[in-house]
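Each remark here refers to the structure printed beneath this line.
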């Protein structure tokens, strides 16, 4: 039986889609059969981040409405045979799908896949309700900013109310230099405020911008963010890997940074 | 020129915002709530301002009224 994980944040632009794509790749690399579903109706993005935008024939709404079978809409990843994308519909809106329909779809997919990852739209309206409808657990992505943390807190509250209590936090775009200067909230500050288990910290890394430009995953590359996503996937799979200490100049994180030639 | 570290400002603003969000009320209402609870508490037990703290989480309200550390 597969596990359904929703990747959500409340606020837009904090890295949900990039995180969904990279966790999808990471779990597939670990030998799992994975499907990633873009639930952002009207603003399709996951296909672009994964570099699969030219392969779309059918989409999520076609599947829900019965215009095609699920298998016809699935796009197999370029490199990983066990990774599939179910793209969103660009020309439809949130009301085209109901939470009940999403729940039914993901429960059917559970028998086929080990992991079903749902890329949630920003906001707390119907798109969010659809995305969380069939979720077993949630990964909440935030950045160390007041607005993103505030929205994450709201989202965690809503998830808890809906009975989704297995929640884990990703802190994205951490800038160690700014944390050390006292101009960015630290990992400890954010986890203390949000009070849910931390599953990973992704440093602010220009390599992600480059990979996204190319429609390639960052996971599997020798980069700070690539390693961070690799650790997140392994933690999702149950491995116990400590979170590196981001506050000490002599910590593992800083050493890797120096090894990779970063200042 | 030395800039003032901005983290404390961010944390203070977040603290007020989250308290208001979590109780679904305005920031000044959470302050009033805190003052009222302090007053109510002081009628029954000995409590001092500097030791009193009201902490609002997503599911609970914690009242601290001694100087003891957590």
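Residue numbers (the numbering used here), protein chains in the order written: chain B, 179 to 441; chain Z, 10 to 79. For every residue, glycine included, the Cβ atom is placed at its ideal position computed from N, Cα and C. Since this is a predicted model, take the numbers as computed values, not measurements.
In the DSSP assignment, find the unbroken alpha helix (DSSP H) run with residue 308 of chain B in it and report its ends. Taking the first chain and counting its residues from 1, one reaches residue 308 of chain B at position 130. Residue 308 of chain B -> alpha helix (DSSP H) spans 304-310.
Look at the Cβ atom of residue 23 of chain Z, then the Cβ atom of residue 324 of chain B, and state whether they are nearer than 8 angstroms. For the purposes of this step, residue 23 of chain Z is identified with residue 14 of the second chain, where counting begins at 1. For the purposes of this step, residue 324 of chain B is identified with residue 146 of the first chain, where counting begins at 1. For residue 23 of chain Z and residue 324 of chain B, yes; Cβs fall inside 8 angstroms.
Using a C-beta cutoff of 8 angstroms, does residue 228 of chain B count as contacting chain Z? The residue you call residue 228 of chain B lines up with position 50 of the first chain. No - not a single Cβ of chain Z is within 8 angstroms of the one on residue 228 of chain B.
Tell me whether residue 236 of chain B sits in a helix, a strand or coil according to DSSP, three-state version. Taking the first chain and counting its residues from 1, one reaches residue 236 of chain B at position 58. Here residue 236 of chain B sits in coil by DSSP.
Mind checking the region 305-330 of chain B against chain Z and listing, in chain order, the residues whose C-beta falls within less than 7 angstroms of any C-beta there? Within the region 305-330 of chain B, the residues whose Cβ lies closer than 7 angstroms to any Cβ of chain Z are, in chain order, 324, 327, 328.
Among the candidates Z:66, Z:32, Z:52, whose CA atom is the shortest distance from the CA of residue 74 of chain Z? Taking the second chain and counting its residues from 1, the one referred to as residue 74 of chain Z is at position 65. Closest by alpha carbon: Z:52.
Just to confirm before moving on: does the CB-CB distance between residue 340 of chain B and residue 374 of chain B stay below 8 angstroms? Position 162 of the first chain, counting from 1, holds the residue named residue 340 of chain B. Position 196 of the first chain, counting from 1, holds the residue named residue 374 of chain B. The answer is no: Cβ separation not under 8 angstroms.
Along the region 57-77 of chain Z, what residues have a CB closer than 8 angstroms to any CB found in chain B? 66, 67, 68
Let me see if you follow: with CB-CB separation under 8 angstroms, is residue 37 of chain Z close to chain B or not? Here residue 37 of chain Z corresponds to residue number 28 of the second chain, with the count starting at 1. For residue 37 of chain Z, the answer is no, since every Cβ of chain B falls outside 8 angstroms of its Cβ.
Under the rule that 16 or more other beta-carbon atoms within 10 Å means buried, what is residue 404 of chain B, buried or exposed? Numbered from 1 along the first chain, position 226 holds the residue referred to as residue 404 of chain B. Buried, since its Cβ has 16 or more Cβ neighbours within 10 Å.
Within 8 angstroms (strictly less), CB to CB, does residue 344 of chain B reach chain Z? The count along the first chain starts at 1 and reaches residue 344 of chain B at position 166. With respect to chain Z, the C-beta atom of residue 344 of chain B has no partner C-beta closer than 8 angstroms.
On the criterion of 16 or more Cβ atoms from any shown chain inside 10 Å, does residue 54 of chain Z qualify as buried, or is it exposed? By one-based count along the second chain, residue 54 of chain Z stands at place 45. Residue 54 of chain Z comes out exposed.
Could you tell me whether the region 23-40 of chain Z touches the region 379-397 of chain B, using the rule of 3 or more Cβ pairs below 8 angstroms? no
Are the beta-carbon atoms of residue 326 of chain B and residue 194 of chain B separated by less than 8 angstroms? Here residue 326 of chain B refers to the residue found at position 148 of the first chain. Here residue 194 of chain B refers to the residue found at position 16 of the first chain. No, the pair does not count as a contact, with Cβ atoms beyond the cut-off.
Classification of residue 191 of chain B by the beta-carbon crowding that lies within 10 angstroms, buried from 16 upward: Counting from one through the first chain, the residue named residue 191 of chain B turns up at place 13. Residue 191 of chain B should be labelled exposed.
Are at least three pairs of beta-carbons, each pair with one atom in the region 292-306 of chain B and one in the region 205-225 of chain B, less than 8 angstroms apart? yes
Only counting runs of 3 or more residues, tell me where the beta strand (DSSP E) segments fall wholly within the region 242-318 of chain B, in order along the chain. 261-264, 293-297
Under 7 angstroms between beta-carbons, which chain Z residues line up against residue 142 of chain B? List them in chain order, please. Outside the shown range of chain B, which is 179 to 441, sits residue 142 of chain B, and nothing can be said about it.
If the cut-off is 9 angstroms on Cβ atoms, which residues from the region 19-34 of chain Z count as contacting chain B, listed in chain order? 19, 20, 22, 23, 24, 26, 27, 30, 31
Below 7 angstroms, is the gap between the Cβ of residue 316 of chain B and the nearest heavy atom of the ligand ZN? In the structure on display, the ligand ZN does not appear, and there are no ligands present to speak of.
Buried or exposed (CB count within 10 angstroms, at least 16 for buried), residue 507 of chain B: No statement about residue 507 of chain B is possible, as the shown extent of chain B runs from 179 to 441 and does not include it.
In chain Z, which residues lie less than 9 angstroms from residue 371 of chain B when you measure between Cβ atoms? Position 193 of the first chain, counted from the start, is the residue given in the question as residue 371 of chain B. 20, 23, 24, 27, listed in chain order.
I want to know whether the region 228-236 of chain B touches the region 362-373 of chain B - three or more CB-CB distances under 8 angstroms. The region 228-236 of chain B, when compared against the region 362-373 of chain B, does not touch it at the 8 angstroms Cβ threshold.
Hey, could you find the ends of the alpha helix (DSSP H) residue 353 of chain B is sitting in? Stepping through the first chain from its first residue, residue 353 of chain B is reached at position 175. It is not in any alpha helix (DSSP H) - residue 353 of chain B carries neither H nor E in the DSSP assignment.
Taking only beta-carbon atoms, is residue 15 of chain Z less than 8 angstroms away from chain B? Within the second chain, the letter at position 6 stands for residue 15 of chain Z. Look at residue 15 of chain Z: its C-beta is under 8 angstroms from a C-beta on chain B.
Three-state class that DSSP yields for residue 200 of chain B in the structure shown: Position 22 of the first chain, counted from the start, is the residue given in the question as residue 200 of chain B. If DSSP states are grouped into helix, strand and coil, residue 200 of chain B belongs with the helices.
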